[in-house]
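Notes follow once the structure below has been shown.
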Amino acid sequence: MRVACFTHYVALYGANRSLLELLKGLKAQGVEARVFAPSDGPLTETVRSLGIQATTYPYAWWVAGVDDRTRRWHRLKTTVSAARRLASAVAHDDVDLIYTNSYVTPIGHWVSRFSGVPHAWHFREYSYVDWGFIDDWPRILIRKLIDAAQGRIANSAAVKRHMLATRRCSRPIEVIYNGVMQVVDFDRLRHDASMGQRAISQRGRFAIVGLLHSVKNQAAAIRAMAIVVRRYPKAKLFVVGASDRVMEPIPSAYRQLVGSLGLQENVEFTGFLADPHEIYRQIDALLMCSTNEAWGRVTCEAMASCKPVIGLRAGGTAELIQDGVNGVLYEGDHESLAQRMIEMLDNPLHARELGENAWRIARQNYSTERHSAQMYDVFLRCIERSSNKGEESRRPL
2 MRVACFTHYV
12 ALYGANRSLL
22 ELLKGLKAQG
32 VEARVFAPSD
42 GPLTETVRSL
52 GIQATTYPYA
62 WWVAGVDDRT
72 RRWHRLKTTV
82 SAARRLASAV
92 AHDDVDLIYT
102 NSYVTPIGHW
112 VSRFSGVPHA
122 WHFREYSYVD
132 WGFIDDWPRI
142 LIRKLIDAAQ
152 GRIANSAAVK
162 RHMLATRRCS
172 RPIEVIYNGV
182 MQVVDFDRLR
192 HDASMGQRAI
202 SQRGRFAIVG
212 LLHSVKNQAA
222 AIRAMAIVVR
232 RYPKAKLFVV
242 GASDRVMEPI
252 PSAYRQLVGS
262 LGLQENVEFT
272 GFLADPHEIY
282 RQIDALLMCS
292 TNEAWGRVTC
302 EAMASCKPVI
312 GLRAGGTAEL
322 IQDGVNGVLY
332 EGDHESLAQR
342 MIEMLDNPLH
352 ARELGENAWR
362 IARQNYSTER
372 HSAQMYDVFL
382 RCIERSSNKG
392 EESRRPL
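To convert, take the position in the sequence shown, counting from 1, and add 1; that gives this note's numbering.
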């Protein structure tokens with residue numbers, strides 16, 4: 002099987018890290034993949050290091066911020082023009098399937114339309130409620146393009162419900178959870194954790210990992226720490242990630258908040274880390290405070306490191322965390338979060354049990370092998386549907 006994979010950006014955040022794991026899993030099954038991206042960057046460099054071809058060609062999204070909606074015709078023209086050229090590349094490679102890695106770009110639809118190659122579309126975000134993006138076009142037009150795909154995948158039941166409820170799609174959507182690593186890596190992390198296993202210290206170390214953005218709600222974690230340190234003065238919070246602004250990777254608003262709460266000794270900004278497992282090894286629990294998390298890759302990564310997660314009961318987080326089994330859920334504001342953090346520090350043996358359960362559940366459900374096998378099955382069915390449709394269209398009247 003040959004698959005042309007289209008991504009919408011080149012940074013190594015959640016969607017592209019999941020794409021990389023998928024590529025590894027598909028390669029192990031003999032799939033020949035080629036990745037298309039709108040520009041060069043960390044993703045294309047990593048793809049090439051895996052021995053997979055990566056091609057860049059400028060194409061656009063079909064969502065934008067409020068201030069950028071006037072350029073929707075330009076985005077459409079750019080994408081359709083790119084699709085005509087890329088369809089030739091797909092035909093030349095004798096590609097069996099086109100795969101789009103995100104809702105926010107329709108490039109895969111147009112390449113599929115111009116090449117006649119079946120299309121599988123993967124939805125990984127809410128678009129508006131998480132990132133504030135507004136669709137360029139009316140829902141009826143969006144639905145027509147999405148329904149035309151031979152396969153539709155959501156990375157969580159929450160995203161599936163959103164796509165159907167907002168009438169962006171009227172055809173079936175399959176829920177397939179992402180893979181975060183291979184089984185052998187799960188086992189390695191379990192071994193590492195057992196070698197250095199300890200009860201939660203009286204200091205208490207937490208982390209919140211992700212793009213520094215209001216939708217990730219790092220502010221709630223910082224405010225919660227102001228309450229936690231009253232009981233555990235040496236507790237520490239690692240804020241892992243950077244903003245998407247080159248000139249200000251750590252937003253001044255976060256530094257000001259830390260200063261106003263007197264937490265300079267308790268909060269550390271690490272910046273972006275290519276390998277967040279460096280932090281997972283140091284912490285006692287991960288915090289997931291996003292109000293609209295579509296799935297939660299870092300949640301599963303922490304679970305793979307035998308770390309419990311304290312998460313807001315919302316979106317995909319509520320699907321990943323079984324309250325009191327492999328982590329804990331909280332509702333409300335930072336005060337509720339702080340209470341859960343303190344409870345975990347007060348009960349170190351229970352916290353360790355949560356971490357053990359988290360690893361077991363993550364290994365069973367979020368491995369690269371499981372994810373790629375499920376995706377491969379979807380791809381085969383997409384190709385079969387397209388083939389059957391073609392045969393029907395060729396039958397004599």
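All C-beta atoms, glycine included, are put in the ideal place defined by N, C-alpha and C.
### Query
Under the rule that 16 or more other beta-carbon atoms within 10 Å means buried, what is glutamate 336, buried or exposed?
When all chains shown are included, glutamate 336 counts as exposed.
### Task
Could you tell me which of Val241, Val112 and Thr57 sits nearest to alanine 92, measuring between CA atoms?
Among Val241, Val112 and Thr57, the Cα nearest to that of alanine 92 belongs to Val112.
### Query
Are the CB atoms of alanine 155 and phenylalanine 124 nearer to each other than 8 Å?
Contact flag set, yes.
### Task
State the beta-bridge partners of threonine 101 as determined by DSSP.
Per DSSP, Phe7 and Trp122.
### Message
Please report the straight-line C-alpha distance between alanine 200 and alanine 352, rounded to a whole angstrom.
### Response
Low confidence applies to alanine 200: its pLDDT is 47, below 50, so where it sits in the model is not reliable enough to give any reading.
### Query
What is the residue span of the beta strand (DSSP E) that leucine 238 lies within?
Residues 237-241.
### Message
Buried or exposed, going by whether 16 or more other CB atoms sit within 10 Å of the CB of alanine 303?
### Response
With a 10 Å radius around the Cβ and a threshold of 16 neighbouring Cβ atoms, alanine 303 comes out buried.
### Query
Which term fits leucine 51, buried or exposed, when burial requires 16 or more other beta carbons within 10 angstroms of its beta carbon?
Exposed, since its Cβ has fewer than 16 Cβ neighbours within 10 Å.
### Query
Is the distance from the Cβ of valine 299 to the Cβ of glycine 211 below 8 Å?
A contact, by the Cβ cut-off of 8 Å.
### Task
Express the C-alpha separation of alanine 158 and phenylalanine 297 in angstroms, rounding to a whole number.
According to the sequence provided, residue 297 is glycine. The question's phenylalanine does not apply to it. Whole-angstrom Cα-Cα distance: 12 Å.
### For arginine 35, three-class secondary structure by DSSP
Reduced to three states, the DSSP call for arginine 35 is strand.
### Query
If you drop the 5 nearest sequence neighbours on each side, which residues of the same chain put their C-beta closer than 8 Å to that of glutamate 332?
Counting only residues of its own chain and dropping the five nearest sequence neighbours on each side, glutamate 332 has a CB closer than 8 Å to the CB of Leu313 and Arg314.
### Message
Please classify valine 326 as buried or exposed, where buried requires at least 16 other C-beta atoms within 10 Å of its C-beta.
### Response
Looking at its Cβ environment, which holds fewer than 16 other Cβ atoms inside 10 Å, valine 326 is exposed.
### Query
For valine 230, which residues from the same chain have a beta carbon less than 6 Å from its beta carbon, with the 5 sequence-adjacent residues on both sides left out?
Its chain contains Ala236 and Asn267 as the residues whose beta carbon lies nearer than 6 Å to that of valine 230, once the 5 sequence neighbours on both sides are disregarded; these appear in chain order.
### Message
I want to know whether the region 171-188 touches the region 358-372 - three or more CB-CB distances under 8 Å.
### Response
Per the Cβ contact rule, the region 171-188 is in contact with the region 358-372 (3 or more Cβ pairs under 8 Å).
### Query
Since tyrosine 178 sits in a beta bridge, which residues does DSSP pair it with?
DSSP output for tyrosine 178 lists no bridge partner at all.
### Task
Take the Cβ of proline 234 as the centre, count every other Cβ of all protein chains shown within 10 Å, and call the residue buried at 16 or more, exposed below.
Proline 234 is exposed by the Cβ-count criterion.
### Task
State the start and end residues of the unbroken beta strand (DSSP E) segment that holds arginine 153.
Counting along the chain, the unbroken beta strand (DSSP E) around arginine 153 starts and ends at 152-155.
### Message
Can you tell me whether threonine 80 is helix, strand or coil according to DSSP?
### Response
Secondary structure of threonine 80 (DSSP, three-state): helix.
### Task
Spell out a yes or no on whether the region 47-65 and the region 215-222 are touching, meaning 3 or more CB-CB pairs, one atom from each, closer than 8 Å.
Touching, no, given that fewer than three Cβ pairs across the two stretches are closer than 8 Å.
### Task
Starting from methionine 289, follow the beta strand (DSSP E) in both directions and report where the run begins and ends.
Segment 286-289, the beta strand (DSSP E) holding methionine 289.
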